[in-house]
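Residue numbers (my numbering): 1 to 299. Each residue gets a CB set at the ideal place from its N, CA and C atoms; glycine is no exception.
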Amino acid sequence: MFHQIVILDYTGLQGFAIDKLQSLSEKPVRTFNSIPQDDEEIINRIGEADCLFVSWNTPVSAGVIEKCDKLKYIGMCCSLIDEDSANVDVRYARSKGIEVRGVRDYGDEGVAEFIVSELIQLLKGLGKHQWLSEPVELTRRKVGIIGLGTTGLMTAQRLKAFGADLYYYSRTKKTVADENAIAYLPLDELLNTCDIISFHLPRNTKVLADEDFDALGRNKILVNTSLGLPFNKEAFEKWLLKTNNYAIFDAVAFGSDKDRLIRNSNLIYTENTSGWTKEAKERLSHKVLENVDAFLKVV
Numbered sequence: 001m002f003h004q005i006v007i008l009d010y011t012g013l014q015g016f017a018i019d020k021l022q023s024l025s026e027k028p029v030r031t032f033n034s035i036p037q038d039d040e041e042i043i044n045r046i047g048e049a050d051c052l053f054v055s056w057n058t059p060v061s062a063g064v065i066e067k068c069d070k071l072k073y074i075g076m077c078c079s080l081i082d083e084d085s086a087n088v089d090v091r092y093a094r095s096k097g098i099e100v101r102g103v104r105d106y107g108d109e110g111v112a113e114f115i116v117s118e119l120i121q122l123l124k125g126l127g128k129h130q131w132l133s134e135p136v137e138l139t140r141r142k143v144g145i146i147g148l149g150t151t152g153l154m155t156a157q158r159l160k161a162f163g164a165d166l167y168y169y170s171r172t173k174k175t176v177a178d179e180n181a182i183a184y185l186p187l188d189e190l191l192n193t194c195d196i197i198s199f200h201l202p203r204n205t206k207v208l209a210d211e212d213f214d215a216l217g218r219n220k221i222l223v224n225t226s227l228g229l230p231f232n233k234e235a236f237e238k239w240l241l242k243t244n245n246y247a248i249f250d251a252v253a254f255g256s257d258k259d260r261l262i263r264n265s266n267l268i269y270t271e272n273t274s275g276w277t278k279e280a281k282e283r284l285s286h287k288v289l290e291n292v293d294a295f296l297k298v299v
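Structure, rendered in structure tokens:
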């Protein structure tokens, strides 16, 4: 049982999950649905809470954790892939005896659907843009996946169903790729070979620099649904100016660079987070509750 639970921003937790959390909190759950503007506002919202839930949108820094000394549990209502990509200072929290738990694999289906949908529209000229001079199919189109985690693999599987030829690059080779007939290529070869490159990487991961965009060349499509830019911003903008290059982004892909990047007419984007569906929020809510139950069983 917790003394005070705070939901720091809009987490997507569904009503049944908030009801369950209320049963675990002595005081009424305090729920906020906006992103706090600075650390002071974050600290004021947390107050005397011993349990905190937060989305990927709000940073919870060491300074915040230091001030909020009643905390004993932080539930990240988002993926916790590693400490370096987390918006919570996980290392510092754990050094203070605070349990931090995140979730995995809740919004991947929506991301994969978005990518397939946007590619089909661009290839066939069903929207504002058409990639080539006449409509083409995904069939036999060479697609490179950078980052073959859950979302990357699911995207590859969906594209393979349309007859695309799938390749991937990752820092380590994946057994699951062989099982799905997805061929490994070194990064430079992947960029040269593939018509379409799709990024599925943790926040703060950078893989492409100037020379890599030179290798990518012209008449290509780049898809980014990672949290922020997994490549050099200036090099990417130069690449967009080359003949017949297009990029597809969802809302989270820009990081802090949206206002600048959307000036490029051949960058196709949505204001929505592609994986943020009703079903994803339900999966997220169940996983968050499972984490809390597991924590309370051992304390």
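The beta carbons of N245 and R263 sit no closer together than 8 Å. Counting the other Cβ atoms within 10 Å of the Cβ of T151 gives 16 or more, which makes it buried. Collapsing the DSSP output to three states places E99 in a strand.
The continuous alpha helix (DSSP H) containing G152 extends over residues 150 to 161. Between L227 and R260 a beta carbon distance of about 18 Å is seen, past the 8 Å cut, so the two are scored as non-contacting. Here the C-alpha atom of C194 lies approximately 8 Å from the C-alpha atom of R141. Here DSSP, grouped into helix, strand and coil, assigns Y10 to coil. K67: member of the alpha helix (DSSP H) spanning 62 to 67, first to last residue. Counting other Cβ atoms within 10 Å of its Cβ, E137 stays below 16 and is therefore classed as exposed.
Between the stretch 75 to 93 and the stretch 54 to 63 there are three or more C-beta pairs closer than 8 Å, enough to call the two in contact.
When secondary structure is reduced to three states using DSSP, L296 falls in the helix class.
Three or more Cβ pairs drawn from the stretch 279 to 291 and the stretch 106 to 113 lie within less than 8 Å of each other, which places the two stretches in contact. Setting aside the 5 residues that flank it on each side, S85 is surrounded in the same chain by P202, R203, N204, each with a C-beta closer than 6 Å to its C-beta; the list follows chain order.
Straight across, the Cα-Cα distance linking A161 with F199 is about 19 Å.
Taken in chain order, the whole beta strand (DSSP E) runs of length 3 or more contained in the stretch 16 to 73 are 51 to 54. E41 and L166 have their alpha carbons spaced roughly 46 Å apart. Under the Cβ criterion (8 Å, minimum of three pairs), the stretch 169 to 187 does not count as touching the stretch 229 to 243. Straight across, the Cα-Cα distance linking L24 with I65 is about 22 Å. Counting only the Cα atoms, E134 lies some 44 Å from N87. Two segments are said to touch when three or more pairs of C-beta atoms, one from each, lie closer than 8 Å; by this definition the stretch 28 to 46 does not touch the stretch 91 to 104. Out of D38, V111, V103, K72, the CA that lies nearest to the CA of Y92 is found in K72. Listed in chain order, the non-local C-beta contacts of G163 below 7 Å within the same chain comprise L138, T139, R140, local neighbours out to five positions each way being set aside. Using a Cβ distance threshold of 8 Å, V111 and G275 count as a contacting pair.
According to the DSSP assignment, V116 belongs to the alpha helix (DSSP H) that extends over 108 to 124. The beta carbons of V90 and L52 sit no closer together than 8 Å.
By DSSP's assignment, F236 forms no beta bridge with any residue. Here the alpha carbons of L191 and L159 stand approximately 18 Å from one another. Considering only Q130, T155, L8, the residue with the shortest C-alpha distance to D39 is L8.
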